[in-house]
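Below is one structure, written out as C-alpha cells; the observations come after it.
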Amino acid sequence: MEIQNTSTTARKELIDISDEQDRNYWAERLGVSSEKLKSTIRAIHSMEFSKLNDFLRMEKIKSASTYQRFINS
C-alpha cells in the first residue's frame, strides 16, 4: 500500500488588482472600496486574501477602540 502525502494547507486566494472586474469583486467581498483595497495591498505588501482580510479586520477593531476612547474622554 502506497501512502500519499497530502498537504493540509488551504489554497491561497490571490487578488489580481490589475483586472478591474476582479478588483471590484474582491473589494466587495472584503467590504471596502477598490481604492482601499489597492492601498491595503501596498501597505502590507501582499495580495493574499486571508492576509488582507486579517489586516482589514484588525484595522476596524483599532478604529472602533479609538472611537470609544474619544467618546469616553
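Using the numbering used here, you'd call the opening residue of the sequence shown number 9 and step up by one each time. Glycine residues also receive a C-beta, built at the ideal position from the N, C-alpha and C atoms.
Discussion item. If I measure Cβ to Cβ from MET55 and keep anything under 6 Å in the same chain, skipping five residues before and after, which residues do I get?
Written reply: Counting from 1 along the sequence shown, the entry for residue 55 is found at position 47. The residues are LEU22, ILE23 and ILE49.
Practice prompt. Take SER26 as the anchor and find which of GLU36, LYS46, LEU38 and LEU64 has the nearest alpha-carbon.
Written response: One-based indexing of the sequence shown puts residue 26 at position 18. Measuring from the Cα of SER26, the nearest candidate turns out to be LYS46.
Item to complete: Count the other C-beta atoms from every protein chain shown that fall within 10 angstroms of the C-beta of ALA35, then say buried if there are 16 or more, exposed otherwise.
Response: Stepping through the sequence shown from its first residue, residue 35 is reached at position 27. With 16 or more other Cβ atoms within 10 Å, it is buried.
Worksheet entry | Separation of GLU67 from ALA51, as counted between CA atoms | Here residue 51 is taken as the residue at index 43 of the sequence shown, counted from 1. Here residue 67 is taken as the residue at index 59 of the sequence shown, counted from 1. One C-alpha to the other measures close to 12 Å.
Worksheet item: Which one or two residues does DSSP pair with LEU22 in a beta bridge?
Response: Residue numbering aside, residue 22 sits at position 14 when the sequence shown is read from its first letter. In the DSSP output, where bridge partners are listed per residue, LEU22 has GLU56.
Worksheet item: For SER41, which of helix, strand or coil comes out of DSSP?
Response: Numbered from 1 along the sequence shown, position 33 holds the residue referred to as residue 41. Reduced to three states, the DSSP call for SER41 is coil.
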